[in-house]
Amino acid sequence: MSHDKTKKQAELIREISGVNPYKCMKCGKCSASCPSFNEMDIKPHQFVSYVLNDDLEALVNSKSLWKCLSCFACIERCPRDVKPGKLVDAARQLVVRERGGDFLSADEIPEKLDPELPQQLLVSAFRRYRR
Amino acid sequence: MQELINRAKELLADGTVARVLGWREGDMSYNPEVAYFNSAEELDKFVYNGFCAANLSKYMIEASKLEGKTLVFLKPCDTYSFNQLLKEHRVDREKAYIIGVGCCGKLNVEAIKAMGIKGIQSIEIDDACETLTVKTIYGDKTVAYKDAMLERCHVCKGKEHMVYDELMGESRDTVDAERFAEVEKIEAMSPAEKFAFFQAELSKCIRCNACRNVCPACSCRKCVFDSNKFDSAQKANVDSFEEKMFHIIRAFHVAGRCTDCGECSRVCPQGIPLHLFNRKFIKDINKFYGEFKAGEDAETKGPLTNFTFDDVEPCDAVERG
Amino acid sequence: MPMNEEFKPKIVAFCCNWCSYAGADLAGSSRLAYPADVKIIRVPCSCRVNPMFILRAFEKGADGVIICGCHPGDCHYSTGNYYARRRMAMLFSMLEYIGIENGRTRVEWVSAAEGVKFSTTMNEFVSKIQSLGKNVRLGDIRCKN
Amino acid sequence: MQRIGVFVCHCGSNIAATVDVKKVVEIVRNEPGVVHAEDYQYMCSEAGQALIAKAIAEKNLSGIVVCSCSPRMHEATFRKAAERAGLNPYMVEIANIREHCSWIHKNVEEATEKAVILARAAIAKVNLNAPLKAGESRVTKRALVIGGGIAGIQTALDIADAGYEVDIVEKTPSIGGRMSQLDKTFPTLDCSACILTPKMVEAAAHEKITIYTYSEVEKVSGFVGDFTVDIRKKARSVDMDKCTGCGVCQEKCPSKKTPSEFNRGLGNRSAIYTPFAQAIPNVPVIDRDACIKFKTGKCGICSKVCQAGAIDYEQKDEIVTEKYGAIVVATGFDTIKLDKYDEYAYNQSKDVITSLELERVMNAAGPTKGHLERLSDGKHPKNIVFIQCVGSRCSDDRGKPYCSKICCMYTAKHAMLIRDKYPDVNVTVFYIDVRTPGKNFDEFYRRAVEDYGVNYIKGQVGKVAPQPDGSLLVQGVDLLDNKQILMEADMVVLATVIEPDPSVRKIATMLTASIDTNNFLTESHAKLRPVESPTAGVFLSGVCQGPKDIPETVAQAGAAAVKAIGLLAKDKLLTNPCTAKPDELLCNGCSACANVCPYGAITYETKLINDHGIREERRVAQVNNALCQGCGACTVTCPSGAMDLQGFSNRQIIAEVDAICR
Amino acid sequence: MKYSYFPGCTLKTTGASLDRSARLAALALGFELEEIENWQCCGGVYPLGSDEIATKLSSVRALAEAKAKDQELVTLCSACHHVIKRVNDDMKNVDDIRTRANNYMKLDEAYAGETNVLHFLEVLRDRVGFDNLKAKVTNPLKGRKIGAYYGCLLLRPGKIMAFDDPENPTIIEDFIRAIGATPVVYPYRNECCGGYISLNEKDMAKSMCKRIKDSAEGFGAEMLITACPLCMYNLNKTEGGISVRYFTELLCEALGITEEGKAL
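Residue numbers (my numbering), protein chains in the order written: chain Z, 719 to 849; chain C, 53 to 373; chain S, 269 to 413; chain W, 217 to 878; chain X, 753 to 1016.
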C-alpha cells in the first residue's frame, strides 16, 4: 500500500467510524472487557494506535476484524468515548468495500450450517463477514 | 353600548370609581375620541363602536396619578399593554377598575377610503357587525365589516382579556391572516429589495412622533431622542443620527415589551407600516428564545432582560433570522 | 461606490476590558498584525455596548462594527455577555431585515489568551468589509428618494 | 472646556520606530481642548512622570491623555502621577498606541495616522470626563467559614490567631470533615485522628472562634466588607448547654438501625448520635427521621436516661443573622455514587468497596474494629485488587473529566499498610498512570512496589464477576504484557472519583461566586489569585476549588486566611468609582435595569421628584456604589438613557466613536 | 390497545415459539400486536459506519409505517430491537442520515424519528406495569429459580437503547418476580453469548456460553430466560447445564395459557 493511500484510508476509517482516536488515554478498559481478546492478533486498545499511525495495512489484514462480536462492551465501558468497536466495524467496511473480499465465501457456508441455526445468525454473519 | 354606560354610571354613583376613561363622539362618526367622563351627565356622550380602536392602557399612566380609581374600558388586546405597563411599574393596578369589553374587530376608515369611496359623511354599523353603510355625498355604499378592519384585527391575538375586574360583551374571531406573513415576505427579499422597501417607507416619515405618543411601550418620561444623553459636542442638524435611526432604535427599545397592539401603524399619518419593525423582533424572539407574549402576565422577565447559557449567537441569528 | 484599491474601510471595534481588550494587547505583544483600519474602543463589558453606539458609528461613516467580549460563561461580570449576545442577535437581525449587508456587523468572543484569534478575526473582518465596499446604506436609510 | 495635555511616549523604539511621534504631537496640538502636547522617551519613567506633573502645574491642565502602552499596563501609574500633581486621577485617559498600533503595523505612515486617531478618541473622551471619587465602605471585622473540615478549621484558626472573630458553619453534627474519616495519612502514615483532633479541640477552645454545627447557610446578602448572612441552626433536639456528653442516651436508644454516615453506611448508628467518638461538639443530635419518639410519639427513653435533662423534643430550627466582612468557602468533597459502574459489581457484592470505605474498615474505630476482613463473611482476605481511576478522567457522562489527584497516593498508602500488617495478603493495583508529583510522593509509591511487593499492573479492569463461592473474578488487562488477566480476589477496592460536595451549588449561588462545569468554585485567576473567588470578599479553601490532598489543603487554607485577614485589617474599602448612575428626572421606574444587574446593586425608591417645577412622587432607581462593579448592563436596558456609567458614559463613548469615524 | 409489531426473520422460523407465545400473552394482557405489512429483515446487526444508509432503510420503512398508523413499534428479538432503536435514534438526531435516508425512501411524509420503539419487555414494564401483570398471573411460578440472560443487544449502548442500566439491569428480574418466580442474579447476564461468531468459531461461542450457564447455575438458577433467538441457539448448542426458555413462554405459563403452553 502506498503511503498516500494509507493516509487516505486512515482518514476514511475515522470518517466512517466517527471516532476521534486522539481522545484515547490508553487505559485498556476495552481490552479488559473484550470477550474475544485472546482470539485477536491486534488487541482492541491497539486499534487506535494503528489508526493514529496510519498503519492500515496491518489493521485490514488483521484477523481481529473477524473476531469482534459487536457486543459493544468496549463501546459501553470506554471512559473516553473512543468506541474501539466502531473502529473495527469501519475497518471491516473498508475491507469489504475495497476488495469486495468476503471473509467467508458462499461455498464455505453450507457445511457450517445446522438445522436449528437461527435466521438471525445468518443475516448477522452475512452482514459482518461480507457485503 | 348602553349597558356600558349604565354600568359606568353605577360605578360612578356608588363611588367605586372617580371617573371613567372611554370614548366620545368626535367630529365625524368614524372618528370617536378618547375622553374622561366625570359625571353621569357627561356619560351620555359616551360611545363604543367599531371605530373605538384606541388602546386606552397608556392613558392609565397619567390616570394612575389621579385621586381615586379610574374606570377604563379595555379590549382584549389592550389588556396585554396594561399588564406590560404593570410589569414596568408605570400603572397602578389599584387605581384602575378595568372593564374588559368585547371586540368584533376595529375599523379603519383609511381602508374604506382605499376602496375608492369618497365624500364620506357618516358610516353606520349594523348590530351584527357584518356590514357598514357608508353615506357619502354621492349616495350610500355598502362595505363588508371585515374588509374595513384594521390590519391588527386580521391577526388578532385572541378574545381573552389578560387582566380585568369584570367583563362585558362578546368578542369574535377575526383572524384571517398569518401574523408573520408580511415579515416573511420581506425576509425573503434580496438585500437590495429590502433596502428599497424600507427606504421608500421611511422616507415618508415626517417625524411627527405620533407613533411614539400613542405607543404604550414608548412611554418614557423623556424620550432619548429629545434628551442630550447620547449626543456629542455637535448638536443635531437636519439629517442627524436621531432622524435616521429613530425607527430602528424605537423598535429596539420596545423589543420584548411591544404587545403588537398595532397603534403605531394605525395612527401614522403617512401610512408607514411601522408594526413591521416590531413584529420582526417578536418573530425573532419567539424563534430564538421561545414563544413570548409581552403582557401575557405582569411578572415574567422580558426576553431582553433574560438569557440562557446556550442562546443563539448573533451571527447565527442573522443567518437563520 | 465601486471597489478600488484605495478603499480604506473605517472599522470600530468595541472590546471588553477584561478579555478581548487583553486579547488585543496579546495580539500586539505577539506582533500579530492586522490592518490599521481597526480602531478599538475599550468598554468595561460587551453588555455596555448600546445599539445607539453602533448605529452612530455607521452614521458617522464607519464601514463595519465589531463587538468583542469574554466567551459566554467567562464574563468578568458573570452574565454581561449573555445580555450582549441577545441584544446583538436582535439588532443584527433587524439590520439584515432592512437590507443592510449582514457582514458589516459581527460579534466575536475573544479571551485574554486568544491573541491569535483576535488578529485572525480582525483580518477576516477587514477583508469582509473590503469585499462589501463602502457602507452607503446605513447612512442613507431615511434619504428622500 | 477642558484644558488637556497630551503626552506621547516613544517607549524607546517600541513606539517611535513605527509611529512618527513628533508628527502625532504636532497634529494633536490642534485638537479642541488641547493646550499642551509633548513627547518623551519613556513616559512611565520618573522623568516622564515629572514632565506630566510639570505640565499640569504650569499649564493648569484639567485633563491629560497619555499616548503609550496599554492602559492595562500603566493606567494606574499615570493616574497616580496625575493625582500627585493635584489632578483627579479619573481625568487621565490612555491612547494605546503600542499594543494596538506600533507593534502590529509596519507602515510608518499608516501607524502614525492610526496613532493620531486613537489620540483624538482619547482627547474627545477626556473632554467629557468628570472627576470621580472612589467611595468608601466599611469592613465588618468578622469572617465566616463555610465548612468545618480540615480546610475550614485551618482557615478559621489562622484568621482567629490574627485576632479576628471567625464563625464556622458546619452542616453535620461535628466538625472534622472527611479527614476525620481517614485512618492514616500519606506520605508519613500519621494517624489521621492524632493530628486532626488537636486542631478540632483548638478551634473549639479558641476564644475568637464560634462553631455552628448541624447548621447551614440560608441566605447571603451584602457585599465585600459587609455581608449579612442567615445561618439556620437545625434543631438538634438536645440542649447544647445542658448536655454533658456522657453518651448514655446513645447507648440506651432502641433505634439502632440507621446506616452510619460517618462509617459510609458500613455500620449502623442510633437515632440519637454523635458521628464519632471525638466529635466536637460532643453533643448528640436526634435524627428525627429515625427516632421512634418522633415517628410514633412513644419511646422517650433518651429523655428519661439523661440526667442533665438536655433532651428537648420541642426544639425548633433557629435562624441566626450575623454580619461578616469576609467569607471563606471550604465545603469540601464527597465521592460520586457508583450506581452507574456496576461492571465492578459495587452493588452486587459487599466485598467491592470504595477507598473511603476501606479507610473505615482499616480504622480501629470502624465497623470491623480495624481488622481487615471481608464485609460479606468476615473472612480474612488473601487477595485484594485495587482499581484506579473509577470515574476519574472520563469524558462520558458516567464519570468526571478530571483527575482526582489523591487516589494514586492513598492507594499506595492502602497497599503498603495492608502488606505491612498482613504480609500474607497479595495486593494488586490496576492503574492507567501512577501520578505522584509532590515531595516524597514518588518515593512513597516506589516503596510500595519495592519494599512491600505490591503488584502494579498497567491496565484497567473490564469486569468484576462475583463467583458462587463468594470470591470475585477480576477480568483486566495488562497492557505492558498485552495479556488479558483473570484474577481471583477476595476484595476489590475502587478509587472513586471525588466531586465537590453537592451543597456547594446552592452556596455559590447565594454568594454569586462562579462555579465551573464540574461544580468546583472558580478562582479569580488560575495562577495569580488561586484562593480568591472573582466575587470580592469571597475566598476559597480546600477541595471546593479543585482536587487536592491534605498538605495542599492546609496550605491553601492558610492562604485563604491571609487574604481574608488582609481584607479584615482594613477599616474602609475604596470602591470603584466607575459605577452606574441614574438620572432621577429621566428614570421611568420600570425596573429593567434592576433585572439585569448581576450584583443586586439597583434598588427602587419612591421619592419626591422636582421635575422642572412638577413635584411628584416617583419610583426611581438607586445604585449602591459599593455593590455596583460597573459592567454597564443596566445602561443599555434603559430606554430613556436615564442610567449611565461613570467613566464610560454614553456621551464619552459616542465621542470616541465620532473621533474614530471622523 | 394496538401496537405495530416487527417480528423479524427468526421469529418466522426457528424462533416461532417466541412470536407465538408473545402474541398469546399480549391478548391475555389486553393488547394487540399488529404486524407491520411487508416488513423487511432488519439486517441482524446495526451498521456502525456513519455513512451506511442502504442497510438502515428496512428499519426506516417499518418505523415510518408505525408512524403512519400512529402506533408505537414493538419488537421481540433483541437484534431487531437493537437495530431499529438505533436507526430510529439516527433518524431523530443525525441530520445527514435522516436527509439521505429520506431521499432514498421518498415517503409521502419525511420520517424524522417520531415513532417510539418499545421492546415487549418495555411494554410489560412501562405500559402494562409489572404490578398489573402480577395481578393477572393465574399460575404463579412459585419456587422456580430463574436467571435472566440479557446478552448485549438489548442493553448496549446504554445511552441510545435507554432500556435499562447496561451494567446492572433489573427489568427481567422484575419480570421474573411478577410471574411469581425468584430471580437469580449472576455476573455474566450481560456478557456476550458469542453471537454470530458461532457460525465459524463454534468453540469460542461454546466456551462463552458455558461460562454464562455455569455461573447462573452456580448461583442457584434452575433455568435461564432470554429474549433473543441467537442467544437461545448458542446457549442451547452448549451441551449440558441448565435449560433455556424464551421469557414469553414462561409468561404464557404464568398467565395460564396452558393449551398453547403445551404446544410450545
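Here a beta-carbon is modelled for each residue, glycine too, at the ideal position from N, C-alpha and C.
Check: Rounded straight-line distance, which links the Cα of S:F321 to that of W:A742; Outcome: 34 Å
Check: Bridge partners - W:M859, DSSP secondary structure assignment; Outcome: W:P798
Check: Nearest residue (CA-CA) to C:G308, options C:N358, C:Q173, C:V276; Outcome: C:N358
Check: Where X:W791 falls: helix, strand or coil (DSSP); Outcome: coil
Check: Cβ-Cβ distance between X:I805 and X:R852 below 8 Å; Outcome: yes
Check: Sequence-distant residues of its chain with Cβ nearer than 7 Å to W:P188 (five each side left out); Outcome: The structure shown does not extend to residue 188 of chain W, since chain W is modelled only from 217 through 878, so no value can be given for it.
Check: Spatial distance of X:K897 from X:R929 (CA atoms); Outcome: 10 Å
Check: Partner residues on chain W for Z:D799, Cβ-Cβ distance less than 7 Å; Outcome: S611, D612
Check: Start-end ranges of the alpha helix (DSSP H) lying completely within the region 547-602 of chain W, minimum 4 residues; Outcome: 571-578
Check: C-beta atoms of C:T183 and C:H206 nearer than 8 Å; Outcome: no
Check: Per DSSP, cross-strand counterpart(s) of W:P501; Outcome: Correcting the residue type first, residue 501 of chain W is Val in the shown sequence and not Pro. DSSP output for W:V501 lists W:Y489 as bridge partner(s).
Check: Distance, X:G767 Cα to X:A778 Cα; Outcome: 17 Å
Check: Where the region 906-923 of chain X meets chain W: residues whose CB sits under 8 Å from a CB there; Outcome: K911, D917, E919, N920
Check: Given 8 Å, three or more beta-carbon pairs between the region 349-365 of chain W and the region 533-547 of chain W; Outcome: yes
Check: Within-8 Å CB hit, C:C367 to chain S; Outcome: yes
Check: W:L696 in three-state terms, based on DSSP; Outcome: coil
Check: Enclosing alpha helix (DSSP H) for X:P935 [first to last residue]; Outcome: No alpha helix (DSSP H) contains X:P935, which is instead part of the beta strand (DSSP E) from 934-936.
Check: Span separating the alpha-carbon of W:V852 from that of W:T401; Outcome: 55 Å
Check: Euclidean distance between Cα positions of S:T373 and S:S399; Outcome: 14 Å
Check: Boundaries of the alpha helix (DSSP H) in which Z:P739 is found, first to last residue; Outcome: Neither: Z:P739 is in no alpha helix (DSSP H) and is coded neither H nor E.
Check: Residues from the region 217-251 of chain W in contact with chain C, defined by Cβ distance under 9 Å; Outcome: P248
Check: Interface positions of the region 299-318 of chain S facing chain W (Cβ-Cβ less than 9 Å), listed along the chain; Outcome: R299, L300, A301, Y302, P303, A304, D305, V306, K307, I308, I309, R310, V311, P312, C313, C315, R316, V317, N318
Check: Short CB-CB distance (under 8 Å) between W:G863 and chain C; Outcome: no
Check: Own chain partners of C:Q286 with C-beta closer than 7 Å, once the 5 adjacent residues on each side are dropped; Outcome: With a pLDDT of 36 at C:Q286, under the threshold of 50, the modelled position of this residue cannot be trusted; read the value that follows with caution. Nothing meets the Cβ criterion.
Check: Exposure label - Z:F790; buried when at least 16 CB within 10 Å; Outcome: buried
Check: Buried versus exposed call for C:A244 [16 or more other C-beta atoms within 10 Å across all chains shown]; Outcome: exposed
Check: Cβ-based neighbour list, X:C980, same chain, cut-off 6 Å, excluding 5 preceding and 5 following; Outcome: S830, G903
Check: Chain S within 8 Å of C:V72, Cβ atoms only; Outcome: no
Check: Nearest to S:S346 (by Cα), restricted to the options W:C847, W:Y428, W:V308; Outcome: W:C847
Check: CB contact check: W:N866 to chain S, cutoff 8 Å; Outcome: yes
Check: Contact list for C:D336 against chain S, beta-carbon separation under 7 Å; Outcome: M358, S361
Check: CA-to-CA distance, W:I391 to W:T551, given in whole angstroms; Outcome: 19 Å
Check: Cβ shell of X:D883 (< 6 Å), same chain only, five flanking positions each side left out; Outcome: none
Check: Those residues which DSSP pairs with W:T401 across a bridge; Outcome: W:D406
Check: Chain-ordered residues of the region 929-954 of chain X with a beta carbon less than 9 Å from chain W; Outcome: V937, Y938, P939, Y940, N942, E943
Check: Which of helix, strand or coil DSSP assigns to Z:K726; Outcome: helix
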